[in-house]
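Undergrad:
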Amino acid sequence: MLIHADADAFFASVEQRDHPHLRGVPMVVGPQVVACASYEARALGVHAGMPLRHALRRWPELRVAEFRGEVYEAVSAELMTMFRDVTPLVEPGSMEEAFLDVTALDGGGQDDAAAHEAGRIAAHLRERARRELGLPVSAGVARAKLFAKLASRRAKPDGLVVVDAATEARVRPRLPVADLWGVGPATTAKLHEAAIVHVADLAGWTVEGLVERRVAKAMAKNLLAIRDGVDDATIKLPGPRKSISSTRSLGRATRQRSMVEKALQDNVLRALDRLGEDPREPTRLDVHLRFDDQYAVIQQGHLDEPTRDPTTLVGAALAALERTAYEEDGRGVAMVGVSFALPSPPQD
DNA sequence: TCTGGGGTCCTAGGACCC
DNA sequence: TCTGGGGTCCTAGGACCC
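The first sequence runs 197 to 544 under the working numbering.
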């Protein structure tokens, strides 16, 4: 069985843990937008992505905690270590969540006994996270990733949901396709056009049929696997990161050269800094620009060879920025960023 | 109610090679 | 020099996730 373990309101929970006066009150983590809202704040209607200004105007009682990226990274590492203490088969999904394959510990069956045992393991893990890290971690237990994830979502806040085979079989056909992991607005629209609203509506469809409806082939296969109950239950162990980036919005959109160049330069240095101990040299550099109408462009910066030399990287980034011709564009630049592609490490 | 920042994966199309 | 067929690699862009 798989466990999907997911720390609740991660950033906010870390701040509430470290600052007792923030406990039990509606609070959010900044800076300009709500990066994370405590459950007390969510009860009011605050949600992630909301501009902080708007939230404070509407709910003046909101407390605001400073965003502490390094702290969250460190707590995340502790959380993952705790997961790997249960099983080495851990696939992180983000900073605060992961799939754990506990097949070797739960008897290995697909039956209710295995689900029950996996549930016991998950309950123990939740207690440990609460006791040792001071964090609420919700968990979902199921045969495969999709239902484990749906279960942990259902378990929130601070709960545990175990999905047995009978429940899975009953719920599966009734799942709205829009709720499936990996199905976003674009795919949802295409599926709805084909009158596919729930998983059951996929009956009779083939991969080719879905591809004709402009659904990506990999997505189509995935959807039919979900329909047939043979969807992904395999843990992919994390590899080294493939890219590292830094982006910053510019507050007020601008075409002013000095501002845009300065922001880009800062991003190059910040991304390099975040690369830290990783010895790899960026093989490619992309400059990201977003205009105030949300239109985004990416321009590649030319590198003669992989390098970590700040001067070379800044130079390549500025040259790429030049090629976007943002000054003549007419629109304002709202956000600028850079991303480095990293080579895969040599295989032994 | 479209607003931040950091990522991954998939696909189409072109370049290049045999 | 033209023509067929097949494979790999790279890049741009889209979609999605937390």
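Glycine included, every Cβ here is placed at the ideal spot set by N, Cα and C.
When you compare the CB positions of V271 and L321, do they come within less than 7 Å of one another, or not?
TA: no
Undergrad: Output the distance between the C-alpha atoms of T363 and V483, rounded to the nearest integer angstrom.
TA: Put simply, the backbone Cα of T363 is about 48 Å away from that of V483.
Undergrad: Mark R423 as exposed unless 16 or more other C-beta atoms lie within 10 angstroms of its C-beta, in which case mark it buried.
TA: buried
Undergrad: What's the C-alpha gap between I317 and N418?
TA: The straight-line gap separating the alpha-carbon atoms of I317 and N418 is approximately 29 Å.
Undergrad: Can you tell which of V403, D297, E262, E257 has the C-alpha that lies nearest to the C-alpha of V230?
TA: E262
Undergrad: In this structure, how does DSSP classify S441 when only helix, strand and coil are distinguished?
TA: Three-state DSSP puts S441 in a strand.
Undergrad: Tell me whether Q228 sits in a helix, a strand or coil according to DSSP, three-state version.
TA: Of the three classes helix, strand and coil, the one that applies to Q228 here is coil, per DSSP.
Undergrad: Would you call the CB atoms of A335 and L356 closer than 7 Å?
TA: yes
Undergrad: Taking buried to mean at least 16 other C-beta atoms within 10 Å of its own C-beta, is P332 buried or exposed?
TA: buried
Undergrad: Do you know whose CA, among R219, K413, G425, lies nearest R259's CA?
TA: R219
Undergrad: With DSSP collapsed to three states, give me the class of F263.
TA: coil
Undergrad: Using the three-state DSSP reduction, which class does E524 fall into: helix, strand or coil?
TA: helix
Undergrad: Name the one or two DSSP bridge partners that D482 has.
TA: Q496, S535
Undergrad: Can you tell me whether DSSP reads H394 as helix, strand or coil?
TA: strand
Undergrad: Pairing CB atoms from the stretch 506-521 with CB atoms from the stretch 407-417, are three or more of them under 8 Å?
TA: no
Undergrad: What does a CB cutoff of less than 7 Å around L252 pick up in its chain, not counting 5 residues either side in sequence?
TA: L258, listed in sequence order.
Undergrad: Note down the Cα distance separating L538 from A300, rounded to an integer number of angstroms.
TA: Their Cα atoms are separated by approximately 35 Å.
Undergrad: Could you tell me if G305 is buried or exposed, where buried requires 16 or more neighbouring beta carbons within 10 angstroms of its beta carbon?
TA: exposed
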